[in-house]
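Peer 1: The following block contains the structure, expressed as structure tokens.
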Amino acid sequence: MSQRKPGPAVRLGPSDVVLLGLLGPRTRPLRAVLSALGISIGIATVIVIIGISASGQRALDERLSLPGTNLLRAEAQFDQGTRTLPPVPAEAAKMTARIPPVQLVSQVANTHAQVRRSAAIPASEGSGLTVLAAANDLLPVLGAHVASGVFLNPANAAFPTVVLGAVAATRLGITSLTPQGRQPAVWIGERAFTVVGVLAPSPLAPEIDGPCWSAGRRRSVT
0 MSQRKPGPAV
10 RLGPSDVVLL
20 GLLGPRTRPL
30 RAVLSALGIS
40 IGIATVIVII
50 GISASGQRAL
60 DERLSLPGTN
70 LLRAEAQFDQ
80 GTRTLPPVPA
90 EAAKMTARIP
100 PVQLVSQVAN
110 THAQVRRSAA
120 IPASEGSGLT
130 VLAAANDLLP
140 VLGAHVASGV
150 FLNPANAAFP
160 TVVLGAVAAT
170 RLGITSLTPQ
180 GRQPAVWIGE
190 RAFTVVGVLA
200 PSPLAPEIDG
210 PCWSAGRRRS
220 VT
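Counting along the sequence shown from 1, when you hit position 58 you're at 57 in numbering that gives the first Met the number 0, and nothing is skipped either side.
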């Protein structure tokens with residue numbers, strides 16, 4: 000039984016290739032349109048998914064790269080046996096600063112004092128704001144800054160001065176300070192304290208927005 004030898008290969012010209020490619024769309028146009036639409040939707044879906052994941056990763060990286068995400072706070076724990084809060088040693092900040100990974104250290108103390116807008120307000124009707132004593136180097140540690148006025152420093156710490164957090168300033172009605180004007184005052188306990196600064200909101204350390212900050216000298220750290 001003899002076998003037929005294949006003939007020479009026939010090559011299509013460019014025009015024949017184009018006509019052959021258009022054969023499907025010309026004979027079944029609806030099918031071609033639906034196929035193209037499906038492919039477009041698939042490609043768009045993949046691009047959207049990749050874009051969402053990439054933007055989310057970028058937002059996470061930016062959030063983690065912000066100063067303050069490596070902020071740690073150490074505080075004394077309530078002693079259930081003695082029902083007291085043991086004091087933190089005054090040397091705790093210096094001891095912590097000697098730990099190799101630590102870059103900046105500061106310390107605060109709760110004065111448990113009442114703050115009022117004026118002396119006419121009874122001491123029993125305080126604003127509910129916490130008064131904390133702070134060291135002069137607190138702001139660099141927290142990555143915060145002053146929106147108006149100045150923070151506590153060796154010059155004003157010698158006098159009864161206070162710096163208001165963003166929330167405390169709003170509640171006390173002192174949201175800004177005039178550089179050349181008379182500085183307002185608030186009452187802490189039975190003494191007037193001059194407001195020398197107002198802090199800007201701190202998203203990474205919102206706990207500093209509520210208190211009033213006074214100089215940390217002559218106060219034990221708790």
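Here a beta-carbon is modelled for each residue, glycine too, at the ideal position from N, C-alpha and C.
What's the C-alpha gap between Gln182 and Thr110?
Peer 2: By one-based count along the sequence shown, residue 182 stands at place 183. By one-based count along the sequence shown, residue 110 stands at place 111. Looking at the two C-alpha atoms, the distance is approximately 23 Å.
Peer 1: Determine, using beta carbons only, whether Ala143 and Ser213 come nearer to each other than 8 Å.
Peer 2: The residue labelled residue 143 in the question sits at position 144 within the sequence shown. The residue labelled residue 213 in the question sits at position 214 within the sequence shown. No. Outside cutoff.
Peer 1: Would DSSP call Ala134 helix, strand or coil?
Peer 2: Counting from 1 along the sequence shown, the entry for residue 134 is found at position 135. Three-state result, Ala134: coil.
Peer 1: Can you confirm whether the region 81 to 92 touches the region 150 to 168 when touching is taken to mean that 3 or more C-beta pairs between the two stretches lie within less than 8 Å?
Peer 2: Counting Cβ pairs under 8 Å, fewer than three are found: no touch.
Peer 1: Going along the chain, which residues of its own chain have a beta-carbon closer than 6 Å to the beta-carbon of Ala73, five neighbours each way excluded?
Peer 2: By one-based count along the sequence shown, residue 73 stands at place 74. Excluding positions up to five away in sequence, the list is empty.
Peer 1: Output the distance between the C-alpha atoms of Ala165 and Ser175, rounded to the nearest integer angstrom.
Peer 2: The sequence position of residue 165 within the sequence shown is 166, counting from 1. The sequence position of residue 175 within the sequence shown is 176, counting from 1. Roughly 10 Å between the two C-alpha positions.
Peer 1: Are the Cβ atoms of Leu198 and Ala132 separated by less than 8 Å?
Peer 2: In the sequence shown, residue 198 corresponds to position 199, counting from 1. In the sequence shown, residue 132 corresponds to position 133, counting from 1. No.
Peer 1: Are the CB atoms of Thr160 and Gly209 within a distance shorter than 8 Å?
Peer 2: Position 210 of the sequence shown, counting from 1, holds the residue named residue 209. Position 161 of the sequence shown, counting from 1, holds the residue named residue 160. Their beta carbons are not under 8 Å apart, which means Gly209 does not touch Thr160 by this criterion.
Peer 1: State yes or no: is the C-beta of Ala96 within less than 8 Å of the C-beta of Gln106?
Peer 2: For the purposes of this step, residue 96 is taken as residue 97 along the sequence shown, with counting starting at 1. For the purposes of this step, residue 106 is taken as residue 107 along the sequence shown, with counting starting at 1. It is not a contact, given that the beta carbons lie outside the stated cut-off.
Peer 1: If we count the other Cβ atoms within 10 Å of its Cβ and call it buried at 16 or more, is Val45 buried or exposed?
Peer 2: Residue 45 sits at position 46 when you count from the first residue of the sequence shown. By the neighbour-count rule (16 or more Cβ atoms within 10 Å), Val45 is not buried but exposed.
Peer 1: Alpha carbons only, please: which of Arg115, Ile120, Ala119, Pro13 is nearest the one belonging to Val194?
Peer 2: One-based indexing of the sequence shown puts residue 194 at position 195. Of Arg115, Ile120, Ala119, Pro13, the residue nearest in Cα terms is Arg115.
Peer 1: Please determine, among Val32, Pro178, Pro24, Val162, the residue with the shortest C-alpha to C-alpha distance to Pro184.
Peer 2: Counted from its first residue, the sequence shown places residue 184 at position 185. At residue 184 the sequence reads Ala, which differs from the Pro that was named. Cα-wise, what sits closest to Ala184 is Val162.
Peer 1: Kindly indicate which residue of Leu18, Gly196, Asp78 has the alpha-carbon position closest to the one of Pro178.
Peer 2: Counting from one through the sequence shown, the residue named residue 178 turns up at place 179. The shortest Cα separation from Pro178 among Leu18, Gly196, Asp78 belongs to Gly196.
Peer 1: Please name the residue in Gln56, Gly55, Gly41, Gly148 whose C-alpha comes closest to that of Gly180.
Peer 2: Position 181 of the sequence shown, counting from 1, holds the residue named residue 180. Of the candidates Gln56, Gly55, Gly41, Gly148, the one whose C-alpha sits nearest the C-alpha of Gly180 is Gly148.
Peer 1: Alpha carbon to alpha carbon, what distance is there between Arg57 and Gln102?
Peer 2: For the purposes of this step, residue 102 is taken as residue 103 along the sequence shown, with counting starting at 1. For the purposes of this step, residue 57 is taken as residue 58 along the sequence shown, with counting starting at 1. Approximately 26 Å, taken between the alpha carbons.
Peer 1: Hey, which unbroken runs of the alpha helix (DSSP H) at 4 residues or more fall wholly within the region 9 to 33?
Peer 2: Here the runs fully enclosed are 13 to 20, 22 to 26.
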